[in-house]
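Some notes on the structure that comes next.
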Amino acid sequence: MKKYISVLFIVFAITSSGCKKNYLELSTNPNLPIAVTPGLLLSGALAGTASVLNGYTKANSGNYYTSYTMYACWIGYLSNSPGGGALQLVQYAFISSNFDMWTKIYLNLSNYNALGKSTTEPYYLAIDKIMLAFNFEQLVDNYNDVPYTEAFSASLTPKYDKGSAIYDDLLKQLDAAMVMIQNAPASATNPGTSDIMYGGNMQNWLKFANTLKLRIAIRQSNLTAKAAILKSAVAATSAIGYLDSTNPATVNPGYLDSDANGGEQSPLWMNYGYTQSGSAQTNNSSYMANSYGVNFYLNHNDPRAKQVYAVNPSGNLVADPFGATVTTPAGLTPSRVGPGVLQSPTMNAIIMSAPEALFLQAEAASTGLISGNAQTLYNAGITASFENLLVTNPDAAALAYYTQPNIAFPVAGTPAQQQKAIIVQKWAALNPYGALEAFNEFRRTGYPDDIPLSVYPGANAPNQITRLYYPASEYQTNAANVGAEGTIDKFSSKIFWAK
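If you read the sequence shown in this note's numbering, its first letter stands for residue 561, the second for the next number, and so on.
This is how it looks when you write it as structure tokens:
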């Protein structure tokens, strides 16, 4: 099957990632994979993960969209600009050839598979396991059942594994990776600068793996049959700790403000920002502020409003509702992605942010899955978001925000009330770079519970999208296995953990 990539294709993928050449140029001849070192494979694979989460792709229809822009629109962050964007988003008319995350993620997984075959060094192998788990979680969250046990086999028609079973094994793989780091001999080779996420700080990798493990456990919170097993699994590694504002997971291979080699800027900037010459990137003009998102911030006295969204020349925020056919009022420039999100062409690319990690811990503490004070973690998640978005005097501004009666953590509230508060604030913190996670949490919990559907004439959706279709390539090359998954309905077929 074409997506279970050969080493030759892997080399092409890494050299085409558009990042700083001295990190990712593997050899003079890209058709000589034997010249690839574990360090270069690691750098290239991590840069590839950053591009999957933050980058853009040209759809078969000719439209450009960020990898997860569809979720950013469906979850209330962004809207199509008048005359721009992708109609599939607002019409819910997409087919299996649209929104193909499958190929990009499997390609990135193949980068990590090549890394795992290139070395016996424990630190490299541990990072490899962690990032394989990270990517397979994404696949399940997009598609539910996917090839896993045979993904890297010689089979051209790999079988599909159940999403729930994949999640179970990912927890084991993360445990194995953490043990590998903890038991590594003193002579183990540290990846150093080849590790463009943590610079070889293996304690941070331990915490990242444990936070990812916590996310996988919490994602299954609707499955009461797994509750005891998941609680035990989380408790087994809780002493390792989790990510916070001191060690978020971000990648930077040396992004440059350059349009050379297909673009060397940070991938989110390449989507919503500007070219080296100052021209607007394609998605800068294709997508604008969603009125739901703008109104949420403004109605809650939230200074992040003008950090997430850019004001127009008159100093106002202007947004259309998602899927609107109306045009922006004459003379008013629509609001784009703001300066707190688009900080510079060389900004770090986010893999897992501090706010996400802290809100995960807040929910886990509120349910007794881990020890800790849920209110303190909730407040810390908000503060980290204010810091990330460059709000002026972030600590004081966050304090003023989360002490408002309608924002304050409901200490005496029911579990459902506490969960709603946490998930709504996580939604507010991940706009728009964490659209996949915001959408996952919406499907898991139902929060925020007032996300609008498209108002595009004829859309008439019964509810929000529940999942993506398998890509057309699967039906062409692995028809029997994908066919066994049955008919997929975008409005009713659910990921196994969804509410």
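The beta-carbon is built from N, C-alpha and C at its ideal position, and this holds for glycine as well.
Note that the coordinates shown come from a computational prediction; the quantities given were computed from them, not determined experimentally.
| Asked | Found |
| --- | --- |
| Whole-Å CB distance - Q733 paired with K689, under 8 Å assumed | 5 Å |
| Burial state of V700 (16 or more Cβ within 10 Å) | buried |
| Span separating the alpha-carbon of Q836 from that of N876 | 27 Å |
| Own chain, CB closer than 8 Å to D862, minus 5 neighbours either side, in chain order | F856, Y961 and A988 |
| Where the beta strand (DSSP E) through V811 begins and ends | A809 to V811 |
| F1056 and G723 closer than 8 Å at C-beta | yes |
| CA-to-CA distance, K1059 to N782, given in whole angstroms | 7 Å |
| Close-in-space but distant-in-sequence residues of the same chain around D660 (CB under 6 Å, 5 per side omitted) | P1031 |
| Cβ separation of L741 and A686, assumed to be a contact under 8 Å, to the nearest whole Å | The sequence shown places Ile at residue 741, rather than the Leu named in the question. Rounded, the Cβ-Cβ distance is 5 Å, consistent with contact. |
| 8 Å contact criterion, which D721 and Y708 should meet: CB distance rounded | 4 Å |
| Length of the line joining the Cα atoms of G1046 and Y703 | 13 Å |
| First through last residue of the alpha helix (DSSP H) which encompasses A748 | No alpha helix (DSSP H) contains A748, which DSSP labels as neither H nor E. |
| I635, buried or exposed, once every other Cβ within 10 Å from all chains shown has been counted against 16 | buried |
| Cβ neighbours of S1052 in the same chain (closer than 7 Å, five flanking residues each side left out) | T1026 |
| M630 versus G645 - alpha carbon distance | 10 Å |
| First through last residue of the alpha helix (DSSP H) which encompasses I789 | A787 to T797 |
| 7 Å CB neighbourhood of A944 in its chain, flanking five on each side removed | S805, A914, P915 and L918 |
| Opening and closing residue of the beta strand (DSSP E) in which N640 lies | L638 to N640 |
| Cβ pair count under 8 Å reaching 3, the stretch 661-669 against the stretch 604-611 | yes |
| Cα-Cα separation, V951 to A736 | 39 Å |
| Which of helix, strand or coil DSSP assigns to I690 | helix |
| Segment contact flag, the stretch 750-770 with the stretch 832-847, C-beta cutoff 8 Å, min 3 pairs | no |
| Residues bridged to V706 [DSSP beta-bridge criterion] | D721 |
| N850 to L1028 span [Cα, whole Å] | 22 Å |
| Cut-off 7 Å between Cβ atoms - residues of its own chain near A957, not counting five sequence neighbours on either side | P863, F946 and V951 |
| Contact check, T963 vs I983, beta carbons under 8 Å | no |
| Cβ shell of Y637 (< 7 Å), same chain only, five flanking positions each side left out | N850, G853, N991, P992 and A995 |
| Under the three-state DSSP convention, the category A865 falls into | helix |
| Where A711 falls: helix, strand or coil (DSSP) | coil |
| Rounded C-alpha distance that separates P682 from N908 | 26 Å |
| Segment limits, alpha helix (DSSP H) that includes M907 | Looking at the DSSP string, M907 is not in any alpha helix (DSSP H), and its letter there is neither H nor E. |
| Own chain partners of N582 with C-beta closer than 8 Å, once the 5 adjacent residues on each side are dropped | Confidence in N582 is poor, its pLDDT being 29 and thus under 50, which makes the residue's placement too unreliable to answer from. |
| Expected contact under 8 Å - CB spacing of R514 and N953 to nearest Å | The question about residue 514 has no answer, for the chain in this structure spans 561 to 1059. |
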